[in-house]
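Before any comments, here is the structure.
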Amino acid sequence: MKKHKTAYKYVGKNIQKIDGLGLSTGKAQFTDDIDLPHMLYAKILFSPHAHALIQKIDVTLARKSKGVHAVLTYQDLPRIAHTTAGQGYPEPSPYDTFILDKKVRFVGDRVAAVAAESEVMAEKALKLIKVRYKVLDKILDPAQALKKNAAIIHDEKEARTVLPINYQPKKNLASEVKIITGDLEKGFKEARHIIEAEYSAHYAAHCCNEPHVVITFLDSSGRLVIRTSTQVPFHVRRIVAERLKLDTGQIRVVKPRIGGGFGSKQEVLVEDICAALTMKTGRPVKLEYTRKEEFISSRTRHPQKIKLRTGVRSDGTLTAIDMNMLMNTGAYGSHALTVACNTGSKVLPLLKCDNIRFHARSVYTNLPVGGAYRGYGATQGYIAMGIQADMIAEKLGMDILDFYKKNHIREGETSPIFKALGEGREGVPQNIESCGLDECIDKGARAIGWYQKREKYKNRKGHIRRGVGMVCLMQGSSIPDIDMGAAFLKMNEDGSFNLLVGATDLGTGSDTILAQMASETLHVDVNKIIVYSSDTDMTPFDVGAYASSTTYLSGQAVIKASQEIKDQILKTASEMMGETISDLYLENSSVKSRISGKKVRFKDIGLYSLYEKNQHQIASIRSHITHKSPPPFAAHFAEVEVDTATGKVNVVNYIAAVECGTAINPKLAEGQTEGAVLNGISYALCEEFIFDKDGRLLNADFSNYKVYMTPDLPGLTTILVQGYSEPTGPYGAKSVSEISINGPVPAISNAIYHACGIRMTHPPFTPQKILSSLKEKLF
Amino acid sequence: MEFLKITTLTQIISEVPKIKNRIYYLAGGTDLFVKIKEGSIQENAMIIDISDLKELKSIKETPAEIIIGALTPFSQIAHSFVINFHAPLLCQAAKSVGSLQIRNRGTLGGNIANASPAGDSLPALFVHDAIIVTLKRRISVHDFFINAKKTVLENGEIIKEIIIPKINMKKKAFFYKSAPREALALSKASLAVLAMVKNKKLEDIKIAAGAVGPTVIRTLRTEQFILRNQINSDVIAKAKNIMISEICPITDICSTDQYRREIIKFYLEEALRNLP
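Next up, the structure:
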């Protein structure tokens, strides 16, 4: 494997986050941090029923209530079917949602909205709204959704898809994908062993510190301004315009600092109704979900049930993979198709196999709505593939590390899946051009003491058992031929630069790493790059922060714009110095001549270009699309302690070895990895949605929906495997933000198996479940 | 909701009898504010802030007793030398409460008045036969709780202090708690075991289980069975079965009744095996 070593001055360095000081001193402003004169506060009435028709809704008293300025029901709004998924145009998710509707489809569906002079007044008004529901039969089990006489959740005539996919709302089928490569039957015939098992992935909430929050107002010329906590400002502009029948140009979307997204803010969820209230009242309106509302009404990780059948030769060669998946998309089909596709497309190419069948169906139920969530289907898929790989290796008597090394995709290789499976359509074929997975496996194994512990923990006595387990992973970097990011760069007379990007920093650090790339290209310090991101009036377009795309995609746009600026700087310098461009080069905020040794500083060039001669603005705007989605790779190792008396699983050690191409800012890449791992451990052991028999979420708060916190952190080591430069990436970078959430469930499950011999395939691995599995094993 | 701040006991005696509303005392507020947010406090309730009532914030010692002021926060109890010497279980329990922030605010009196069956300090108080002293009476901890979230306290009656009788014998103490994560978690089940040993012989044993019934349960029949027998595997197995018959766990969002039984059995076995 070839390794690249290039010396950079700003790239690959732990530059302090450019918004770090402002954030940590409380000066940076989040959506909620402003108060506008005459602002109203919005509150939503949520459905108490899982499936019901609104027979009558009387808002007379609510409208008369003190301080109330507007009450909206479905009768007051245009009926335009749309999806809340903030995806590219046209969205691959079904159009099955209305701002407000006369039918409610899950507990937490929106029924009405109020804007009043205070939150208390708005809440009082909600209580005065009288609704008569006709309760309908409901579907709470996805396995029942496709049954013949099941209730029909989307019987409205408007429900449709824009893309030609198998969408049958009358059957509660929100999407279906079926692909076959090679000859499955032949593959299974060639197999020495066939291994088959069922897995599940459960609901989870994103739990961002900052909930969904938006402030809408009309500016002095009557344009609608939406200040919102979003991952997709440009999609918000387009989609809100469609829903409210406005011109896109009439809307400005501003993204301030964001307190986390993890996919939940790839939804255009609260902006439409808040904007409708501003349009109705002419006043600024703020809508902020409470934690409870976040739990019951926003978006979740799609639960899945996966049947996986694999054929393998005695030497460990995979001959066939058959993955059959049923996904619960909840009451609406947000990301129903694409999350399902990703379960195949980000998981199946990792291990080489010619004969693959992937069949996925997403079904509607009267439960909370799925959406984008870090990992985006891959997390679910790796539960199945990551545990099954361990089972295969065990069957073969092979060390799992050798199994992965024998089978994983390598530089120069491709997978038929890349072409067969895209985002709601055929995918884009690609060869792998960078892969450091072997080094991830080796370094991770050494760090955790793999071989010694696999031996040592084998036959332990007593009720506390230890085990080690591992899993290999890949993800992608942006959506090829669909995603676009653009950057605008201009030079000021003091030699500083304004970098305006559509790319959306959610706390991820993208503003910082994009500045690092501009610095590297322009040979200036990072503090000379003034970044402003995500304001639809001011910055160029970007699809937004999702699909692990910002570094890889938006980064290239920044580099392209920087290079063009560099050419303009050289041209102006050559004019000033009277020398030819080919003799000049950039160094330390200056242009120097190889011939005369003379130099001009950037600030002289800035002043000259704006004030002295041939005055012009040195500036560039460039866009980037990609034809590839190069995967980052990772090997995760977990060491667990299982108390076989109480069923408690304690992760004592966790190693995440990640190869993400060049890490533009290693500290931030490490932060992304640690965050994802803890997020994943919490999902593996603790987090779960508990419903009653009517589909009500019983633990819609942080006291009862447990999320792991700092004291629960295991010894956690991130190893960034460096030197694998991705030729198509900015300074060799690939993505890093999502991949590591995929590891904990399978790695911990495999470690539990090593510790006490039980195969846990249905997370979360709570003490209750561990204990009952141990009992089953005994009897 | 009305609000009143009181800073001396004399004020309580003079002011409180005049109040006709339902009274909630604000001590640490760690449970009360959650209730207010949930909307489970009556509209016309009177909130009396006693958090600055310094008279109730001390740990005192007499030859026969430890007297803990009702407003003593858990962090103080957790680090009290006196309590650790005479009632180490209470220290352990105090250390397991909520999180550091909650322990700094939350008080022993509040934990008692809140009357949650999962209240972390309660099993320790049960095995120590603590006495709860209000401004007008002394109540044994065993008579104090009526049901989940229900006590014998009358409206406005305030807990002044908690008395722990000293035990002048060699003690062995065990406290176990099962929770889904390290901090800020309600226990699924907890067990406190206090054994008195004299010349390596078990003289007395007291066992109380939390979160496995409407109140904390003192398991007297299990205690007596253990006292009547020499501890061996057979006796442990039988003791576990008696224990199970004395508790009545339910299935809720924290755990299942079956799991709670399993874990209590395991905790009892752990304690008994470590007794000699």
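So the sequence lines, in the order shown, correspond to chains R and U. In terms of the working numbering, the first sequence opens at residue 29 and continues consecutively. In terms of the working numbering, the second sequence opens at residue 2 and continues consecutively. Even for Gly, the Cβ is constructed at its ideal location relative to N, Cα and C.
Should L269(U) be flagged as near chain R, meaning a C-beta pair shorter than 8 Å?
-> no
Go ahead and pull the three-state DSSP assignment for K151(U).
-> strand
Using DSSP with H/G/I as helix, E/B as strand and the rest coil, what is G675(R)?
-> coil
Verify the CB distance criterion: does S256(U) have a CB-CB separation below 8 Å to chain R?
-> Chain R contact via Cβ: present.
What is the rounded straight-line gap between the Cα of L713(R) and the Cα of I798(R)?
-> 10 Å
Per DSSP, what kind of secondary structure is P166(U) in: helix, strand or coil?
-> strand
If the cut is a Cβ gap below 7 Å, which residues of chain C does K734(R) touch?
-> Of the chains in the structure shown, none is chain C; the protein chains are R and U.
Could you give the C-beta distance for S325(R) and R138(R), rounded to a whole number, given that I count them as a contact under 8 Å?
-> Cβ-Cβ separation between S325(R) and R138(R): approximately 7 Å, consistent with a contact (criterion under 8 Å).
Of all the options G675(R), S505(R) and V135(R), which has the alpha carbon lying nearest to the alpha carbon of Y260(U)?
-> Selected option, being the one with the closest Cα: G675(R).
In chain order, what residues of the same chain lie with their CB nearer than 6 Å to the CB of N45(U), ignoring the 5 residues before and after it?
-> N22
Among all the DSSP beta bridges, which residues are the ones paired with V241(R)?
-> E316(R)
At a cut of 8 Å, does the stretch 392 to 402 of chain R reach the stretch 358 to 367 of chain R through at least three beta carbon pairs?
-> Contact between the stretch 392 to 402 of chain R and the stretch 358 to 367 of chain R is present, with at least three C-beta pairs closer than 8 Å.
Counting contacts by CB-CB distance shorter than 8 Å, is E3(U) in contact with chain R?
-> no
Give the straight-line distance between the Cα atoms of G822(R) and K481(R), rounded to the nearest whole angstrom.
-> The structure shown has nothing for residue 822(R), since chain R only spans 29 to 807.
Cβ-based burial, M2(U) [other Cβ within 10 Å; buried from 16] = exposed
Within chain R, partners of I264(U) - CB distance below 7 Å = Result: T674.
Of the residues P118(U), S76(U) and I208(U), the one placed nearest M197(U), counting alpha carbons only | I208(U)
Give the DSSP bridge partners of R219(U), in chain order.
-> Residue pairing for R219(U): DSSP places it in a beta bridge opposite A209(U).
Between which two residues does the beta strand (DSSP E) harbouring F730(R) extend?
-> From DSSP, F730(R) is part of no beta strand (DSSP E); its letter is neither H nor E.
Residues that C820(R) contacts on chain U, provided the C-beta gap is smaller than 7 Å | The structure shown does not extend to residue 820(R), since chain R spans only 29 to 807, so no value can be given for it.
Note down the Cα distance separating R219(U) from L10(U), rounded to an integer number of angstroms.
-> 33 Å
Use the C-beta contact count for K176(R): other C-beta atoms within 10 angstroms, 16 or more gives buried, fewer gives exposed.
-> exposed
Which of helix, strand or coil does DSSP assign to C784(R)?
-> helix
Output the boundary residues of the alpha helix (DSSP H) element that contains Q796(R).
-> P795 to L806
Below 8 Å between beta carbons is the criterion; list the residues of the stretch 776 to 799 of chain R that meet it against any residue of chain U, in chain order.
-> Residues T794, P795, Q796 and L799.
Along chain U, in chain order, which residues have C-beta atoms closer than 9 Å to that of M737(R)?
-> S100, R182, E183, A184 and L185
Answer yes or no: does any C-beta atom of chain U fall closer than 8 Å to that of N727(R)?
-> The beta-carbon of N727(R) is placed less than 8 Å from the nearest beta-carbon of chain U.
What do you reckon, are the CB atoms on I43(R) and V554(R) nearer than 8 Å?
-> Yes, they are a contact pair.
Whose C-alpha, out of K55(U), H87(U) and S97(U), is nearest the C-alpha of A119(U)?
-> S97(U)
Using a C-beta to C-beta distance shorter than 7 Å, which residues of chain R count as neighbours of Y260(U)?
-> P795, Q796 and L799
When burial is assigned at 16 or more other CB atoms within 10 Å of the CB, is N112(U) buried or exposed?
-> buried
Selected residue, minimal CA-CA separation from G339(R), among Q416(R), S75(R) and T53(R) | Q416(R)
Buried or exposed: where does N394(R) fall if 16 or more other Cβ atoms within 10 Å of its Cβ makes it buried?
-> buried
Alpha carbon to alpha carbon, how far is I108(R) from T276(R)?
-> 16 Å
In the DSSP assignment, find the alpha helix (DSSP H) that holds L365(R) and state where it starts and stops.
-> L365(R) -> alpha helix (DSSP H) spans A364 to S373.
Give the DSSP-derived three-state secondary structure of Y260(U) in the structure shown.
-> In the three-state DSSP reduction, Y260(U) falls in the helix class (H, G or I).
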